[in-house]
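What follows is a short report on a single structure.
Number of protein chains: 4
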Amino acid sequence: MEFNSTQAIYLQIADHLCDRIQLGQLAPEEKVPSVRELAVTLEVNPNTVMRSYEHLQQQEVIYTKRGMGYFVGPDAVKKITAMRREQFLQEELPAFFRRMYLLGIELDELKGRFEKFRQKQPKH
Amino acid sequence: MEFNSTQAIYLQIADHLCDRIQLGQLAPEEKVPSVRELAVTLEVNPNTVMRSYEHLQQQEVIYTKRGMGYFVGPDAVKKITAMRREQFLQEELPAFFRRMYLLGIELDELKGRFEKFRQKQPKH
Amino acid sequence: MEFNSTQAIYLQIADHLCDRIQLGQLAPEEKVPSVRELAVTLEVNPNTVMRSYEHLQQQEVIYTKRGMGYFVGPDAVKKITAMRREQFLQEELPAFFRRMYLLGIELDELKGRFEKFRQKQPKH
Amino acid sequence: MEFNSTQAIYLQIADHLCDRIQLGQLAPEEKVPSVRELAVTLEVNPNTVMRSYEHLQQQEVIYTKRGMGYFVGPDAVKKITAMRREQFLQEELPAFFRRMYLLGIELDELKGRFEKFRQKQPKH
DNA sequence: GTGGTCTAGACCACC
DNA sequence: GTGGTCTAGACCACA
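Protein chains in written order, with our numbering: chain A, 23 to 146; chain B, 23 to 146; chain C, 23 to 146; chain D, 23 to 146.
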């Protein structure tokens with residue numbers, strides 16, 4: 023996984039985990055990788071992974087069982103979708119429209135690109 | 023002007039100036055507000071405005087005449103548009119599509135919103 | 023390190039670091055001193071060192087790993103040499119020749135001095 | 023005349039006047055252009071030219087006759103040459119050698135360039 | 001008046 | 001520990 027430099031790594035990791043949950047790759051009540059394991063996989067400091075998990079736990083997306091690790095919360099999908107939908111409509115969409123407006127891009131121009139994008143997505 | 027806390031203030035100022043240039047509110051070769059003046063207007067430290075200007079100068083959007091102030095560069099609009107277009111297509115658009123995909127939103131659903139957005143924009 | 027007053031301190035620091043990289047005292051991918059550390063060594067404000075590093079980063083001579091420090095870029099030597107060679111041929115050399123011409127100095131007169139200079143340079 | 027941005031304009035003007043004196047284009051006791059006249063010619067602020075003249079007067083390269091203007095001092099050539107020679111040997115030459123050393127350039131490589139440079143100089 | 005540099009000190013996020 | 005941002009205030013050079 024590659025990280026961009028504009029956003030904190032721990033947030034990018036958390037985001038990626040949310041993606042996987044939303045896509046059903048991580049099911050509710052399923053155990054998520056251990057902090058150490060994921061740290062090795064992603065080649066980052068364990069502290070950084072820990073922060074991601076704490077962040078997700080605080081949003082009740084995952085929860086911890088002592089000595090057993092972190093697990094996907096029962097309503098994780100619903101919670102993530104709700105948060106992201108809110109975020110999308112309130113912040114991302116207006117910013118996106120503004121950019122399009124300043125660049126003189128029409129919504130119709132994006133149709134072809136969106137189709138192409140969707141075809142590249144793996145089935146799940 | 024209000025600043026959000028996720029992005030550095032000096033970048034938000036720079037971005038806002040780019041907006042104004044792109045909208046034609048600041049014409050090429052026109053003088054931009056002096057560092058001190060803008061600092062008072064925005065209620066920030068002059069150093070912070072200075073950083074914005076240095077950042078824009080480095081992108082050749084504005085240039086400086088000694089003892090006279092900063093001025094909008096001749097190709098400022100072209101440069102800004104090129105940079106933003108690149109950024110939009112390479113980064114913002116894919117991220118946006120991904121969000122839509124994960125939220126199950128179709129492009130057509132956005133049409134109405136986009137029209138409404140556009141009508142709110144001031145003429146220039 | 024002593025600073026002359028005609029050039030900004032942060033540029034002199036940047037220049038000095040380039041010297042050290044070009045001489046191989048700082049190898050590619052090696053960590054450069056932390057901002058605070060170098061500030062103490064040089065007896066300047068951390069902000070001033072920071073500016074040097076930002077300046078070098080922008081030229082892709084060094085790069086930053088978050089929370090870990092600044093590191094010499096992989097092509098640092100090549101980049102520095104290219105920039106300096108350009109600067110030398112386009113600006114320094116003509117200015118130098120002009121001075122010699124106006125002072126009536128011949129190139130041959132400098133030979134002895136150059137030899138003497140070179141012998142004083144430390145090996146590396 | 024074009025000004026580079028690294029050195030103060032008034033110093034570049036003063037330097038240029040010294041060049042002309044050294045080349046004999048301005049003879050001892052000859053009147054130098056009036057502040058206003060030179061300001062128009064160079065398209066700079068009269069204050070800037072004034073500063074150049076004050077700077078040169080302080081070095082006894084030119085002197086002023088009230089109501090008549092500035093004139094080249096009797097020993098101007100000698101003074102300029104002495105100052106420049108000193109400056110050249112103490113500062114420019116070591117810096118120049120250092121640059122050559124770091125760039126791996128030999129003195130002999132410059133011979134051809136120097137000849138070419140000299141042939142382009144106008145006779146005087 | 002203008003930009004530009006520097007210091008001192010604070011606070012934050014990240015690893 | 002690391003970089004990064006911001007404020008406050010000073011001083012200088014330049015036009």
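We put the CB at the ideal spot given by N, CA and C, even for glycine.
For clarity, every value in this text was computed on a predicted model and none was experimentally measured.
- Taking all protein chains in view, the Cβ of Ser-74/D is crowded by 16 or more other Cβ atoms within 10 Å, so the residue is classified as buried.
- The DSSP-derived three-state label of Thr-28/D is coil.
- By the criterion of a C-beta distance shorter than 8 Å, Lys-87/C is surrounded in its chain by Phe-93, once the five residues flanking it on both sides are discounted.
- DSSP places Gly-91/D in no alpha helix (DSSP H) but in the uninterrupted beta strand (DSSP E) bounded by 91-94.
- Check the Cα spacing between Ala-117/D and each of Phe-139/C, Tyr-123/C, Asp-97/C: the tightest is with Phe-139/C.
- The contact set of Leu-33/D on chain C, defined by CB atoms closer than 8 Å, is empty, because the minimum CB distance reaches about 10 Å.
- Contact of Lys-101/B with chain A is not assigned, every C-beta pair being separated by 8 Å or more.
- Using beta-carbon distances, Arg-121/A counts as an interface residue toward chain B, with a partner under 8 Å.
- With respect to Pro-50/D, Pro-96/D sits close: the two C-beta atoms are nearer than 8 Å.
- Beta-carbon to beta-carbon, Leu-129/D and Phe-136/C are separated by about 5 Å, close enough to satisfy the 8 Å threshold.
- Here Ile-102/B carries a helix assignment [DSSP, helix/strand/coil].
- Residues of chain A with a Cβ closer than 8 Å to the Cβ of Glu-108/B do not exist; the shortest Cβ-Cβ separation is about 10 Å.
- Residues of chain A with a Cβ closer than 8 Å to the Cβ of Phe-25/B do not exist; the shortest Cβ-Cβ separation is about 15 Å.
- In this structure, Tyr-32/B sits away from Thr-63/B, with a CB-CB distance that is not shorter than 8 Å.
- DSSP places Ile-127/C in the coil class of the three-state scheme, outside both helix and strand.
- Here the C-alpha atom of Phe-119/C lies approximately 15 Å from the C-alpha atom of Leu-45/D.
- At least 8 Å separates the beta-carbon of Ala-104/C from that of His-77/C.
- Counted as a single uninterrupted DSSP element, the beta strand (DSSP E) harbouring Lys-87/B occupies residues 84-87.
- Straight through space, the alpha carbons of Glu-131/A and Glu-82/A are spaced by roughly 39 Å.
- DSSP lists Phe-93/D as the bridge partner or partners of Lys-53/D.
- When 7 Å is used as the limit between beta carbons, Phe-136/A is near these residues of chain B: Phe-119, Leu-129, in chain order.
- Taking 8 Å as the threshold, the shortest C-beta distance from Lys-87/D to chain C does not fall below it.
- At least 8 Å separates the CB of Phe-93/B from every CB of chain A.
- At a cut-off of 8 Å, the C-beta of Arg-58/D has no neighbouring C-beta in chain C.
- In the three-state scheme derived from DSSP, where H, G and I count as helix and E and B as strand, Leu-48/D is classed as coil.
- In the structure shown, Val-66/D falls within a coil segment according to DSSP collapsed to helix, strand and coil.
- Ranked by how close their Cα comes to the Cα of Arg-42/A, the residues Met-72/A, Ile-84/A, Pro-68/A, Asn-67/A have Ile-84/A in first place.
- Your pair Gly-91/B and Lys-53/B checks out as a contact, with CB atoms roughly 5 Å apart and the cut at 8 Å.
- Just so you know, the alpha carbons of Val-57/D and Arg-121/C end up roughly 26 Å apart.
- Taking 8 Å as the threshold, the shortest C-beta distance from Leu-78/C to chain D does not fall below it.
- Pairing Phe-25/D with Leu-39/D, the inter-Cα distance amounts to about 14 Å.
- At least one CB of chain D lies nearer than 8 Å to the CB of Asp-41/C.
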